[in-house]
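The sequence shown begins at 2 in the numbering used here and counts up by one. All C-beta atoms in this analysis are idealised placements derived from N, C-alpha and C, irrespective of residue type, glycine included. These numbers come from a predicted model, not from an experiment.
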Amino acid sequence: MSDNPYQDDRGNHDLTITRPGNEGQLGSHPGTGQPMETSEAFLIGDSMTGGYGKGPDILHECTIAVNRGEIAVIVGPNGAGKSTAMKAVFGMLDLRQGSVRLDGQDITDLSPQDRVAKGMGFVPQNANIFTSMTVEENLEMGAFIRRDDIRPTMEQVYELFPILRDKRRQAAGELSGGQRQQVAVGRALMTHPKVLMLDEPTAGVSPIVMDELFDRIIEVARTGIPILMVEQNARQALAIADKGYVMVQGRNAFTGTGKELLADPEVRKSFLGG
Ligand SMILES: Nc1ncnc2c1ncn2[C@@H]1O[C@H](COP(=O)(O)OP(=O)(O)OP(=O)(O)O)[C@@H](O)[C@H]1O
Ligand SMILES: [Mg+2]
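What follows is the structure, encoded as structure tokens:
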């Protein structure tokens with residue numbers, strides 16, 4: 002039919018998204034509460050300390066990372082600094098300590114634009130689409146750094162999110178919450194990212210739409226794009242996570258595989274509602 006890389010195993014809940022060459026990484030992580038081996042991570046915000054402007058530190062030696070072929074999930078209470086950590090990794094915050102590395106290269110001093118050029122795609126928590134522009138214009142805006150033919154990528158986005166094709170001439174602001182999130186993820190995919198960062202991609206959507214979005218996110222990960230995401234739906238997100246971080250007050254409180262965190266009594270009691 003098509004050679005759309007997003008289309009294999011559509012809707013499959015298979016969690017073993019690890020790509021060839023990464024076998025054996027899962028299961029080799031130390032237990033909950035221990036920092037996992039992240040020095041080889043594809044993208045890492047390492048021991049980040051910093052805050053906004055001249056304000057107080059929000060992050061305290063916070064580390065978040067994602068390996069090739071994996072989904073990493075950050076959970077934690079409101080105000081814990083999850084979005085701040087994502088912004089720090091994307092270069093929207095001046096770090097006072099720590100570093101950000103992408104594929105082994107130190108990118109701590111690069112601007113967000115330069116990070117996009119290096120292959121980072123970021124969907125922020127708020128204001129992540131242009132509401133007065135059409136769906137298609139939003140996708141075109143996403144490809145602003147590209148000089149090559151963007152049509153094949155747009156076709157892939159439409160095959161991943163068919164509803165966006167139907168609504169491509171409509172203003173993005175007229176779409177439902179779940180559809181807007183699809184536009185936001187699609188826009189980020191248009192840059193051809195090597196890694197995708199999503200801040201609460203399922204915010205404000207129904208459980209059915211959330212499941213659907215998670216399935217699409219798994220599909221994207223299966224194409225070989227590692228995903229670092231913040232999620233409010235902690236249980237469901239950890240269930241699809243190769244690696245999970247619980248953040249509290251700007252610090253790493255618990256780190257483990259998604260499975261380990263879901264099984265940890267303290268994490269369950271304090272962060273997953275028992
Ligand atoms: N632009 C900003 N300027 C100053 N302080 C900010 C800014 N954005 C966030 N903060 C502060 O940083 C802290 C962490 O906020 P952040 O948005 O990172 O939390 P979060 O974990 O993403 O929360 P939520 O789950 O509600 O999205 C909060 O105390 C917040 O008031
Ligand atoms: Mg947030």
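**Message:** Please tell me whether, using a cut-off of 6 angstroms, the distance from the CB of K83 to the nearest non-hydrogen atom of ligand 2 is below it.
**Reply:** For the purposes of this step, residue 83 is taken as residue 82 along the sequence shown, with counting starting at 1. Within the cutoff, so yes.
**Neighbourhood of A238 by C-beta, 6 angstroms cutoff - its chain only, sequence neighbours within 5 removed** = Taking the first residue of the sequence shown as 1, we reach residue 238 at position 237. Excluding sequence neighbours, A238 sits near V74 and E232.
**Request:** Check H30 in the structure and name its three-state DSSP category.
**Result:** Along the sequence shown, one-based indexing puts residue 30 at 29. For H30, the predicted structure reports a pLDDT of 37, less than 50, and the residue's modelled location is therefore unreliable. The matter cannot be settled from this model.
**Message:** I'd like to confirm the pairing. Which residues does DSSP put opposite T50 in its beta bridges?
**Reply:** Position 49 of the sequence shown, counted from the first residue, corresponds to residue 50. Answer is Q98, bridged to T50.
**Request:** Report the rounded CA-to-CA distance for Q171 versus P163, giving the unit in angstroms.
**Result:** Residue mapping note: residue 171 aligns to position 170 of the sequence shown, counting from 1. Residue mapping note: residue 163 aligns to position 162 of the sequence shown, counting from 1. Going by the C-alpha atoms only, they are around 14 angstroms apart.
**Prompt:** If we ignore side chains and look at the alpha-carbon of each, how far apart do G276 and S207 end up?
**Reply:** Residue 276 lies beyond the stretch modelled for the chain, which goes from 2 to 275, so this question has no answer here.
**Prompt:** Hey, quick one: how far does the alpha helix (DSSP H) through N139 stretch, first residue to last?
**Reply:** Here residue 139 is taken as the residue at index 138 of the sequence shown, counted from 1. First-last of the alpha helix (DSSP H) with N139: V136 to G143.
**Residue range of the beta strand (DSSP E) that includes I228** = Here residue 228 refers to the residue found at position 227 when the sequence shown is read from its first residue. Where I228 is concerned, the enclosing beta strand (DSSP E) stretches over I228 to V231.
**Item:** Burial state of Y53 (16 or more Cβ within 10 Å)
**Value:** By one-based count along the sequence shown, residue 53 stands at place 52. Classification of Y53: exposed, given that the 10 Å Cβ count is below 16.
**Secondary structure, alpha helix (DSSP H): runs of 4+ residues fully inside the region 73-130** = Segments of the alpha helix (DSSP H) lying fully in the region 73-130: 83-91 and 113-119.
**Request:** Taking all protein chains shown into account, decide if N253 is buried (16 or more other Cβ within 10 angstroms of its Cβ) or exposed.
**Result:** Position 252 of the sequence shown holds residue 253. Under this definition N253 is a buried residue.
**Prompt:** Does any heavy atom of ligand 1 sit closer than 6 angstroms to the C-beta of N79?
**Reply:** For the purposes of this step, residue 79 is taken as the residue at position 78 of the sequence shown. At least one heavy atom of ligand 1 is nearer than 6 angstroms to the Cβ of N79, so yes.
**Request:** Run the proximity test for Q126: is its beta-carbon closer than 6 angstroms to any non-hydrogen atom belonging to ligand 3?
**Result:** In the structure shown, ligand 3 is absent; the only ligands present are ligand 1 and ligand 2.
**Request:** Inspect the beta-carbon positions of P202 and Q182 and report whether they are closer than 7 angstroms.
**Result:** Mapped onto the sequence shown, residue 202 falls at position 201. Mapped onto the sequence shown, residue 182 falls at position 181. Result yes, Cβ atoms of P202 and Q182 sit closer than 7 angstroms.
**Message:** Excluding the 5 residues flanking S3 on each side, which residues of the same chain have their C-beta closer than 6 angstroms to its C-beta?
**Reply:** Along the sequence shown, one-based indexing puts residue 3 at 2. Note that S3 scores a pLDDT of 47, beneath 50, so its modelled location is shaky and nothing firm can be said.
**Prompt:** Out of V249, P57 and F91, which has the shortest C-alpha to C-alpha gap to L197?
**Reply:** Translated into positions along the sequence shown, residue 197 becomes position 196. The candidate whose alpha carbon is nearest that of L197 is F91.
**Asked** If we count the other Cβ atoms within 10 Å of its Cβ and call it buried at 16 or more, is P36 buried or exposed?
**Response** The residue given as residue 36 occupies position 35 in the sequence shown. In this prediction, P36 scores a pLDDT of 49, lower than 50, which makes its location untrustworthy; the coordinate-derived value is nonetheless stated afterwards. When all chains shown are included, P36 counts as exposed.
**Item:** For G245, the first and last residue of its enclosing beta strand (DSSP E)
**Value:** Your numbering for residue 245 matches position 244 in the sequence shown. First-last of the beta strand (DSSP E) with G245: K244 to V249.
**Message:** On the DSSP bridge list, what partners appear for D200?
**Reply:** The count along the sequence shown starts at 1 and reaches residue 200 at position 199. Answer is V231.
**Request:** Return the CA-CA distance between L94 and I241, expressed in angstroms with no decimal places.
**Result:** Within the sequence shown, the letter at position 93 stands for residue 94. Within the sequence shown, the letter at position 240 stands for residue 241. Cα to Cα, L94 sits roughly 29 angstroms from I241.
**Asked** Counting pairs of Cβ atoms below 8 angstroms between the region 104-120 and the region 247-267, do you hit three or more?
**Response** no
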